[in-house]
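Quick note, the sequence shown lines up with residues 1 to 282 if you use full-length UniProt numbering.
Glycine is no exception: its CB is placed at the ideal position from the N, C-alpha and C atoms.
From a predicted model like this one, the values you see are computed outputs, not experimental measurements.
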Amino acid sequence: MGHGEPEIKSFLKARRAALDPAELGLPEGVVRRRVRGLRREEVAQLAGISVDYYTRIEQGRAPAISDSVVDGLARALRLTPSEHTYLRNITLPRQRGGAAGPDPRPRVRPEIQQLLNAMDGNVPAYVYGPAMDILAWNRLGTRLCIDYPAIPEERRNGPLLVFLDPRLKEIHPNWAEVADDTVAGLRAEVGRHPGNSRVCRVTHELLERSEEFRRRWEAQEVQERTRGVKRFRHPEMGELVLRFEAFVLPADPGQMLCTYTADEGSATAEALRVLAGAAAVA
């Protein structure tokens, strides 16, 4: 899988197929539909562009696409805000020519690591980079989930762990939901970093090695969750219920801080205090 043409084609075709013409008030037409969803000419009409131009866009042959056209397509295809952003990113002109080397793994600033350490008493926290690489954490974070220092740097990646490390199915009782969110998040990364070699490598490996990933990837869902609830099954503490929040770090492009907190007075809050004590003496 690359970027540009294959991504645009797959995404637009999937979004067309996901729409019900009847719900949009479109007639069945003289010729009965052979496939579900909208035809190209119907998307073009709804977006206010010619059928030829829409066809060139879907085939990745349109050299430059204006914001107004992207906005029109987003309205026509009923895209969510995340899908709208993704479409805008994958239709941006690509730099051609020149052999690009591998993207260096971003480094976390000492000040951010200091912040992670300051939360170590009761808040597991992590910093994620492009491709959802796990770049930094605090000790409580390793006690909650996985001992990240014991994993080779190249394998410290959220999607690789979720789909290729069997421990994650034990850790997350709602693994299927975590898997759905992970795929949607990685697709958002593809849109945000379309030329990033690390994003490409992670996606390629998962498409080749995980049928569960491949099935979800082909659904073309793009929905980045920056808050919610996650469940963990801890070998010592039992099931833990934590609220997560993800914060973009404006001074560190591509990096995001993710924190996990327990409701005050809950059994999970007490479990985190016990784990924090164990982390402090580890």
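Problem set entry | contact_flag[the region 228-243, the region 103-117] where n(CB pairs < 8 Å) is 3 or more | Under the Cβ criterion (8 Å, minimum of three pairs), the region 228-243 does not count as touching the region 103-117.
Exercise. By the 10 Å Cβ neighbour count, where 16 or more other Cβ atoms means buried, how is F232 classified, buried or exposed?
Worked result: That one is buried.
Exercise. Among residues of its own chain, excluding the 5 on either side of L46, which ones have a beta-carbon nearer than 6 Å to its beta-carbon?
Worked result: In its chain, beyond the 5 residues on either side, A76 have a beta carbon closer than 6 Å to the beta carbon of L46.
Exercise. Since G72 sits in a beta bridge, which residues does DSSP pair it with?
Worked result: According to DSSP, which records beta bridges pairwise, G72 is partnered with nothing at all.
Exercise. Where T182 and E264 are concerned, what is the direct C-alpha to C-alpha distance, given to the nearest angstrom?
Worked result: Rounded to the nearest whole angstrom, the C-alpha separation of T182 and E264 is 28 Å.
Exercise. Nearest chain D C-beta to V229 closer than 8 Å, yes or no?
Worked result: Included in the structure is just one protein chain, with no chain D present.
Exercise. R143: buried (16+ other C-beta within 10 angstroms of its C-beta) or exposed?
Worked result: With 16 or more Cβ atoms within 10 Å of its Cβ, R143 is classed as buried.
For this session: For V162, count neighbouring Cβ atoms within 10 angstroms of its own Cβ and tell me buried if that reaches 16, exposed if not.
Result: Buried, because 16 or more other Cβ atoms sit within 10 Å of the Cβ of V162.
For this session: For A125, name the three-state secondary structure that DSSP assigns.
Result: Looking at A125 - three-state DSSP - the assignment turns out to be strand.
Problem set entry | First and last residue of the uninterrupted alpha helix (DSSP H) at Y260 | Premise fails: Y260 lies in the beta strand (DSSP E), M256 to T261, not in any alpha helix (DSSP H).
Exercise. Mapping DSSP to helix, strand and coil, what is E236?
Worked result: The three-state reading of DSSP puts E236 in coil, since its state is none of H, G, I, E or B.
Exercise. In three-state terms, what does DSSP make of A64?
Worked result: Per DSSP, reduced to three states, the secondary structure at A64 is coil, with no helix or strand assignment.
For this session: Please report the residue range of the beta strand (DSSP E) in which L135 lies.
Result: Taken as a continuous stretch (DSSP letters only), the beta strand (DSSP E) holding L135 covers I134 to W137.
Problem set entry | Neighbourhood of A18 by C-beta distance below 7 Å, restricted to the same chain and skipping five residues each side | Contacts found: G37.
Problem set entry | Stretch pair the region 128-145 + the region 250-261: three plus CB contacts closer than 8 Å | As far as the Cβ criterion goes, the region 128-145 touches the region 250-261, which means the pair count is three or higher.
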